[in-house]
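The sequence shown begins at 441 in my numbering and counts up one residue at a time.
For every residue, glycine included, the Cβ atom is placed at its ideal position computed from N, Cα and C.
A quick write-up on the structure given underneath.
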Amino acid sequence: MKGKLGIPLDFIGAQQVKNITEPVRAYSVRLEGLKPSWRLTTRRYRRLLPAAIAALILLALAGGVTWWMNPVERSLTKASIAVLPFDSYGGDEATGRLASGITEDIITDLARFPDFTVIARNSTAVYGGKPVDVRQVGKDLNVRYVLEGSVQRQADQLRVTAQLIDATSGTHVWSERWDRPAVDVFAVQTEIVQHAVNQLGGSGVIMEAENRAAERKRPENLSAYEKYLLARDRILTPTKERLEEAIGLFKQALEEDPTLARAWVDLAWAYDQSTGFGADGATMLPLALAAAHRAVEVDPLDAGAHLVLGQMIVYTGDFNRAKAEFDAALRLNPSSADVLAIYASSASTFGEPERGAELADQAIRLNPNYPIAQSGAYYYAYFMAGRYEDALRILDKQPIENRTMYGWIMRAATLASLGERDRAQAAVKDALERYPDLTAEGIVNDPGFNDVERKKLAEAMRDAGFPACTSPEKLVSIAKPFRLPECNSGVAP
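In structure tokens form, the structure reads like this:
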């Protein structure tokens, strides 16, 4: 834009200025004819700015009055918000699940806006069901705003309340109540998100983002949605039995409402997770890929749909196409801890292991109480980046009953990479007691690894004490199987 004197200006946001209580709109002067060297709306370049900017701030006031302000430090953080678990009044499990689903969907929708940092649900769940001091919540989670609310359902009627609070002062920014038929619950969610983001957002950017949120399809069948919520709970803390139950519930939900994109997404994840508990990959992975394709068909604006499709395509070995789906998910939901976590697990496959570890750091910061099911994404990203202590920390935090076959493998491989040979051998023993046919070659010939990953993991497994060589029968269907030197020469240990 240009000022009244024709001077080209770039808006750099509202700044806190000494001796003035409220933030002021600030602009930087740009030489005429030259394009700005960076855009404030591009988060990638904002991170590259110096921690403190000593700048000359020009404030254009009515009547042409100009103030010259003292240099100020420009904040590099985005608006931050925590959505606390909505209270459920009525005592029945169905209303409780509905309140939980509303909370999660609001978090998901808010995370779609690139101007927000949204704390993930697992990190706010600890505040559920008890009185809280929002100022303390703000300090605990390092957020400026807190959104809280409640859900009450009687027969076919639904009441939802929500309020947005400034956690720094404890003052109410906005509040609302909806009394609707129960089938309107998803419209209520949309309204909550729209009001909240309008309070936090700026001009233009929020309106555009609201249009994208309005296009997001929501489940039309409450019964199907409740089945989905039940099933989703199972996959967040997976075991063999819980995954089998989840798959059945997802199928029931989709029979009632085949347009429920998120059920297709999580059905794909359930199929995928089941292979980590002994299910046959040749059977499950095609089912997972089909469900992921269906999720994108039903809702092409759902970041989770593109995310799971990308992960399933990784397993086919088509890494370029997989990365395109991951990038689409990140564009649609750049602040989602779930998107960042899964992307972290595949970044090394795309040749970017250091980026994978950075994404893992970012995801854990947004969601330090991440679901158990995401552990694999983190320890794999850290392992491939050579951050073995971090990988081991994630592995040891994971409950044994929820540890997959790959978790047992990675724990032994990580210990070997740390030079802890005795502990690595003990971990190998634990793994082989559960999965006696494990071999280094048998694992790394999965098409979901690139050549660098295969070599790194196979050597770590061999160093840990796993059998190195797999049988020729298991390699016969692979056009160019990866072989360890001792296996390729026929001298197996």
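The Cβ-Cβ distance between Tyr810 and Ala777 falls below 9 Å. Shortest Cα-Cα distance from Val613 to any of Val600, Ile521, Gln576 and Leu749 involves Ile521. When the beta-carbon positions are compared, Ala784 and Ala797 come within less than 9 Å of each other. Under the three-state reduction of DSSP output, Gly589 falls in the strand class.
Ranked by Cα distance from Glu588, the options Val523, Ala701 and Val779 are led by Val523. Separation of Arg682 and Ile675 (C-alpha to C-alpha, rounded to the nearest whole angstrom) is 7 Å. For Asp606, the enclosing beta strand (DSSP E) covers residues Gln597 to Asp606. DSSP places Val613 in no alpha helix (DSSP H) but in the uninterrupted beta strand (DSSP E) bounded by Thr611 to Pro621.
The DSSP-derived three-state label of Ile559 is coil.
In this structure, Phe717 lies near Lys680, with their beta-carbon atoms less than 9 Å apart. Residue pairing of Ile521 in beta bridges, as defined by DSSP: Val558 and Tyr585.
When Leu700, Glu684 and Ala607 are compared, the shortest CA-CA separation from Glu666 is found for Leu700. In this structure, Ala769 keeps its C-beta atom at 9 Å or more from the C-beta atom of Gly757. Here DSSP, grouped into helix, strand and coil, assigns Ser786 to helix.
Between Leu604 and Ser615, the gap from beta carbon to beta carbon is short of 9 Å. Exclusion of the five residues before and after Ala686 leaves Ala671, Arg674, Ile675 and Ala710 as the residues of its chain whose Cβ lies within less than 6 Å of its Cβ.
When DSSP states are grouped into helix, strand and coil, Ser917 belongs to the coil group.
Shown here, Asp545 sits in a helix according to DSSP, grouped into three states. If the five residues before and after Thr879 are omitted, its C-beta is found closer than 7 Å to the C-beta atoms of Phe906, Pro907, Ala908, Cys909 and Thr910, all from its own chain and listed in chain order. Taking all protein chains shown into account, Asp739 has 16 or more neighbouring C-beta atoms within 10 Å of its C-beta and is therefore buried.
Shown here, Gln838 sits in coil according to DSSP, grouped into three states, outside any helix or strand. Along the length of the segment 867-922, whole alpha helix (DSSP H) runs at least 4 residues long occupy 880-884, 891-904 and 912-915, reported in chain order. Residues of the same chain with a CB within less than 8 Å of the CB of Thr608, apart from the 5 flanking positions on each side, are Arg575, Gly578 and Arg584 in chain order. Closest option to Glu794, judged by alpha-carbon separation, among Arg827, Arg552, Val779 and Ala595: Arg827. In summary, Thr611 is exposed, with fewer than 16 beta-carbon neighbours lying within 10 Å of its beta-carbon over all protein chains present.
Here Ala627 is exposed, its C-beta having fewer than 16 other C-beta atoms within 10 Å. A residue is called buried when at least 16 other Cβ atoms come within 10 angstroms of its Cβ; Asn760 does not meet this threshold and is exposed. Here the segment 878-898 makes contact with the segment 785-792; the two share three or more CB pairs at distances below 8 Å. Rounded to the nearest angstrom, the gap between the Cα atoms of Thr715 and Ile753 is 16 Å. In the displayed model, Ser775 falls within coil according to three-state DSSP, outside both helix and strand.
Per DSSP, reduced to three states, the secondary structure at Tyr755 is coil, with no helix or strand assignment. The criterion of a C-beta distance shorter than 9 Å is not satisfied by Leu669 and Leu855.
Counting the other CB atoms within 10 Å of its CB gives Thr543 a total of 16 or more, which places it among the buried residues.
Bridge partners of Ser528 according to DSSP: Val591. Across the set Glu926, Pro678, Val572 and Arg863, the C-alpha of Arg863 shows the shortest separation from the C-alpha of Ala852. DSSP, read as helix, strand or coil, puts Tyr810 in coil.
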